[in-house]
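Read top to bottom, the protein sequences are chains A and B.
Read in the UniProt record's numbering, the first sequence has 205 at position 205, and its numbers run on one by one without any break.
Read in the UniProt record's numbering, the second sequence has 168 at position 168, and its numbers run on one by one without any break.
Every residue gets a Cβ at the ideal spot worked out from N, C-alpha and C, and that includes glycine.
The structure appears below as structure tokens.
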Amino acid sequence: MSGSLYTQLLDLACGGFLLAAVIVLWRRELASIIRVFALQGVALAAIAVLLGAHEGRGDLVGVGLGVGILRAGLLPYLMRRALTVIDADRRRYSVAVTETRETQPLVNVAASLLTAALLTLLAYAAARPLTELHATPATRALPVGLAVVLIGFFVLVTRRRALAQVVGFLLLDNGITATALLATSGVPLIVELGVSFDVLLAVLVLQILTTRVREAFGTTDIDDLRELHD
Amino acid sequence: MNTTASAVLLTAPAAVPLVVAGAYALPRRRPRPSAAPLAADVIEARRQQSAQGNVLVAEAPARERAPQRHPLDWAGLLSPVVILVCGSLLAADVVDHGPTASYSGLLRADALTAWMLLVVGAVALIACGFAPAYLAVERSARRATEQTVWRYHVLVQAFLAAMCLAVVTANLGVLWVAVEATTIVTAFLVGHRRTRNSVEAAWKYVVICSAGIALAFLGTVLIYYAARQAGIAEAWALDWPTLVARADRLDPAVTRLGITLVVLGFGAKAGLVPLHAWLPDAHGQAPAPVSALMSGVLLSVAFAAILRYRVIADAALGAGFTRALLAGIALLTLALAAGLLLAQRDYKRMLAYSSMEHMSLIALATAIGSPLALTAALLHIAGHGLAKSVAFCASGRIQQITGTTKIGRVRGLLARAPAPAGAFGLAVAALLAFPPFSLFASELGIARAGFAAGAGPAWATAATLLLVLVAFAALAARTARMLLGAGTGAPADSSSSFTVWPLLLGLAACAALGVGTGPLTDVLDAAAQAIGGR
């Protein structure tokens with residue numbers, strides 16, 4: 001693979017990665033948010049495979065495929081299943097509330113997109129020392145990872161549906177994985193395995209808790225969780 | 001010590017709880033031939049606990065309408081005993097021969113490891129020794145079924161395994177994985193009762209801690225990046241001793257960003273601002289023995305990670321950076337905890353805020369960073385772990401007797417239930433740093449070190465002392481209101497289902513540490529040296 005083609009493909013994958021995060025902010029239908037999240041997983045896997053192909057490292061390509069299976073396959077599948085359960089319940093009892101839509105995020109869509117732009121600028125500013133330390137095509141794309149981390153945090157804080165919060169957490173995690181890949185071609189394999197396993201378990205735990213929240217509160221609106229406070 | 005012995009000692013603290021967890025998980029499923037070794041393990045554990053069982057019988061006289069005995073509840077004591085034994089053997093070894101490592105450096109024990117293992121083991125002994133009586137009452141009150149009790153045991157043992165792994169590993173990546181694993185395992189323990197409150201607490205706990213600790217992973221990645229650029233090979237770039245030895249070659253700007261994220265991230269798990277909001281909810285809602293473990297050791301295991309990173313940061317950036325960062329966080333946490341203690345109406349949440357207060361004291365001592373301050377911080381970790389676990393266990397019993405966690409609805413407890421009330425009162429006295437408890441010695445040490453360290457730390461220490469005084473007043477007034485006065489209800493029959501020995505053991509250990517560290521002096525000094533108190 002020639003140098004310029006590699007750079008272009010890498011930038012394309014990173015661009016898709018960031019764009020997916022922004023579209024998550026834009027959409028309200030939880031089903032389409034999960035679909036976009038799966039696409040972001042594909043972009044993340046593409047970044048890993050590109051880096052592996054460029055450096056001629058088979059293990060990195062393997063990590064990329066593993067990341068792809070987890071982030072574009074397994075995690076979206078788990079969330080879609082949680083969504084189907086909610087949806088089936090809604091049909092059965094023909095409840096008026098729309099559990100599958102993010103009806104009223106704390107910040108409206110226009111302001112969210114503006115914030116995403118600001119967060120991306122912030123990420124570029126914060127990543128200056130990182131890029132300067134070792135300037136390659138990969139590290140120059142590194143702010144994208146940080147921007148997705150910040151956008152993930154923003155989603156986590158401003159969304160009210162339990163599942164939307166889970167997506168925020170996963171965006172945050174995708175961003176960190178991308179940062180690790182772009183900065184150092186990934187952390188050692190044992191750590192990567194442990195992290196993936198932890199993330200998978202965390203999502204399972206959150207999925208089970210979502211069900212319990214709905215059983216206890218009758219909704220997955222996190223704003224209703226306000227019994228404990230000082 | 002030869003390599004096999006050290007490998008066994010390093011593996012056992014994490015592996016044995018995991019095996020016990022597996023053994024607890026198995027009997028409910030169909031017994032298979034392959035399960036035989038694990039089943040044998042349970043039988044072995046049962047045999048080992050029979051000695052403890054006798055103690056229980058001796059202290060709980062025969063007049064029991066006793067809830068049915070569940071001998072397997074006592075098998076959980078195997079892990080704390082193993083952790084304590086391994087911790088003491090490792091302590092003796094590292095004091096004489098320096099750090100030992102095995103599995104090509106993945107697991108490593110220095111004095112800090114040995115000290116933390118001892119603290120984890122001691123607190124786990126209190127919590128697991130108290131649990132059978134607690135669970136017996138929960139069973140008879142129909143708040144727990146056989147199934148939930150099994151799940152409780154599996155999760156608690158897995159929790160112990162994850163904490164021990166976090167303590168014995170030298171790889172900063174594995175450290176992160178282990179700390180995040182504690183979040184996942186304890187999530188269901190927090191939401192154990194499945195009430196609205198506990199589900200809410202569990203949700204907040206998982207979301208805030210996972211997101212917070214994700215920041216710590218980002219920080220770890222940045223440190224790894226800096227280490228790789230400094231020419232450290234991939235296999236060693238997350239190895240703590242290697243990073244400490246070559247920290248001066250790390251790029252300062254990247255390291256600064258990484259360390260900030262790491263301190264914020266692990267600080268979330270340690271109950272420090274800005275990501276502390278999960279702590280009072282989770283500690284208030286978890287079953288009492290779990291609250292004891294979470295507050296007594298989980299917080300300090302997470303803080304031990306910060307202690308490790310601080311050594312790297314100080315070598316790479318100079319002492320000023322982490323000092324300012326940690327002192328700022330400590331003061332903010334303390335101010336918040338003191339303020340909310342003043343307005344507290346729930347005694348389990350009161351204890352939770354007191355944990356934040358003590359963690360901020362430890363953070364302040366770390367910020368000061370002199371040998372005296374670091375020794376005091378480590379002693380404070382041990383003293384707080386012991387006292388707080390006793391307080392939480394006693395509060396669990398008080399909750400069972402009174403049926404409420406509201407301070408206002410509990411009066412004259414000493415007259416109604418002398419044993420748990422006495423233990424609670426003594427534990428709170430220890431937390432208020434009355435002599436002879438060790439928190440008196442460590443707080444004195446922190447204050448002395450603070451005033452000796454120059455103008456900045458002296459001002460921070462002065463402000464801290466003022467805030468500690470506020471917390472003292474709040475905690476003392478509320479506890480006195482709960483314990484003293486004429487009893488309102490009938491005297492509760494506390495002896496039949498209340499195990500006193502773990503609580504007495506904890507209080508005695510805390511007091512003994514306050515009088516003199518005895519054989520632990522060497523390992524305490526070595527641990528303070530290992531984290532930079534030279």
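Alpha helix (DSSP H) segment containing T322(B), residue limits
First-last of the alpha helix (DSSP H) with T322(B): A319 to L342.
Cut-off 8 Å between Cβ atoms - residues of its own chain near L39(A), not counting five sequence neighbours on either side:
Only G16, A20 and A72 meet the Cβ criterion.
Could you tell me which of G454(B), S300(B) and L243(B) sits nearest to I362(B), measuring between CA atoms?
Checking every option, the nearest Cα to that of I362(B) belongs to S300(B).
Checking contacts by CB at 8 Å: is C14(A) closer than that to chain B?
No, C14(A) lies away from the interface with chain B (no Cβ there is under 8 Å from its Cβ).
With distance defined between alpha-carbon atoms, name the residue in F169(A), A162(A) and V144(A) nearest to F154(A).
Nearest option by C-alpha distance: F169(A).
In angstroms, rounded to a whole number, what distance separates the CA positions of T7(A) and A178(A)?
Going from the Cα of T7(A) to the Cα of A178(A) covers about 16 Å.
Using the rule of at least 16 other Cβ atoms within 10 Å of the residue's Cβ for burial, across every protein chain shown, is Y347(B) buried or exposed?
Label assigned to Y347(B): buried.
Quick check: the Cα distance between L272(B) and I329(B), rounded to an integer number of angstroms?
About 7 Å.
Check the DSSP bridge columns for N171(B) and list the partner residues they point to.
Partner(s): D239(B).
Whole-Å CB distance - A48(A) paired with Y225(B), under 8 Å assumed:
A48(A) to Y225(B), Cβ: 16 Å. No contact.
Cβ of G231(B) within 8 Å of any chain A Cβ:
No - not a single Cβ of chain A is within 8 Å of the one on G231(B).
Are the stretch 160-172 of chain B and the stretch 100-114 of chain B touching by the rule of at least three beta carbon pairs closer than 8 Å?
Short answer: they touch.
Check the Cβ-Cβ distances between Q165(A) and every residue of chain B, and say whether any is below 8 Å.
Using beta-carbon distances, Q165(A) counts as an interface residue toward chain B, with a partner under 8 Å.
Chain B contact for D198(A) (CB, 8 Å cutoff)
It does: the Cβ of D198(A) has a partner Cβ on chain B nearer than 8 Å.
So, do the stretch 144-161 of chain B and the stretch 15-25 of chain B have three or more beta carbon pairs nearer to each other than 8 Å?
The stretch 144-161 of chain B vs the stretch 15-25 of chain B: in contact.
On the three-state DSSP scale, how would you describe A101(B)?
For A101(B), the three-state secondary structure derived from DSSP is strand.
If I'm right that L475(B) touches L520(B) with Cβ under 8 Å, what's the distance once you round it to whole angstroms?
Going by Cβ atoms, the distance from L475(B) to L520(B) rounds to 28 Å, so no, they are not a contact pair.
Is the beta carbon of residue 570(B) sitting closer than 8 Å to the one on V82(B)?
What the structure shows of chain B is the stretch from 1 to 534, and residue 570(B) is not part of that stretch, so it cannot be assessed.
If we define contact as Cβ-Cβ less than 8 Å, is G194(A) a contact residue for chain B?
It does: the Cβ of G194(A) has a partner Cβ on chain B nearer than 8 Å.
For the beta strand (DSSP E) that A429(B) lies in, which residues bound it at each end?
Run containing A429(B): none in the beta strand (DSSP E); it sits in the alpha helix (DSSP H), P418 to L431.
Compare the beta carbon distance of V154(B) and Y24(B) with 8 Å and say whether it is the shorter of the two.
In contact: V154(B) and Y24(B) (Cβ atoms closer than 8 Å).
Rounded to whole angstroms, what's the CA-CA distance from T195(B) to A352(B)? Just pull it up for me.
Approximately 20 Å, taken between the alpha carbons.
Quick check: the Cα distance between R140(A) and T131(A), rounded to an integer number of angstroms?
Their Cα atoms are separated by approximately 6 Å.
So, V221(B) versus P129(A), is the Cβ gap smaller than 8 Å?
Taking 8 Å as the cut-off, the Cβ atoms of V221(B) and P129(A) do not count as close.
Within the chosen definition, does the stretch 205-214 of chain B reach the stretch 229-237 of chain B through at least 3 CB pairs nearer than 8 Å?
Because the criterion of three Cβ pairs below 8 Å is not met, the stretch 205-214 of chain B and the stretch 229-237 of chain B do not touch.
Grouping DSSP H, G and I as helix and E and B as strand, with all else coil, what is R46(B)?
With a pLDDT of only 45 at R46(B), under the threshold of 50, the placement of this residue in the model should not be trusted, and no figure is reported.
In terms of residues, what are the limits of the beta strand (DSSP E) holding L74(A)?
Counting along the chain, L74(A) sits inside no beta strand (DSSP E), nor does DSSP assign it H or E at all.
If you reduce the DSSP assignment to three classes, tell me which class E55(A) lands in.
Of the three classes helix, strand and coil, the one that applies to E55(A) here is helix, per DSSP.
Would you give the residue range spanned by the alpha helix (DSSP H) that A114(B) belongs to?
Taken as a continuous stretch (DSSP letters only), the alpha helix (DSSP H) holding A114(B) covers A111 to S140.
Three-state secondary structure (DSSP) of L272(B):
Three-state DSSP puts L272(B) in coil, outside helix and strand.
State yes or no: is the C-beta of A367(B) within less than 8 Å of the C-beta of L326(B)?
Yes, these two residues count as a Cβ contact at 8 Å.
What is the residue span of the alpha helix (DSSP H) that W278(B) lies within?
Unbroken alpha helix (DSSP H) run through W278(B): W278 to Q285.
If the cut-off is 9 Å on Cβ atoms, which residues from the stretch 31-47 of chain A count as contacting chain B, listed in chain order?
Taking 9 Å as the upper bound on Cβ-Cβ separation, chain B lies near no residue of the stretch 31-47 of chain A.
Let's see if you can read the secondary structure: which residues bound the alpha helix (DSSP H) around W203(B)?
First-last of the alpha helix (DSSP H) with W203(B): R196 to Q229.
DSSP beta-bridge partners for R161(A)?
DSSP lists D221(A) as the beta-bridge partner residues of R161(A).
Using beta carbons (cut-off 8 Å, strictly below), is R212(A) in contact with chain B?
Yes, its Cβ sits closer than 8 Å to a Cβ of chain B.
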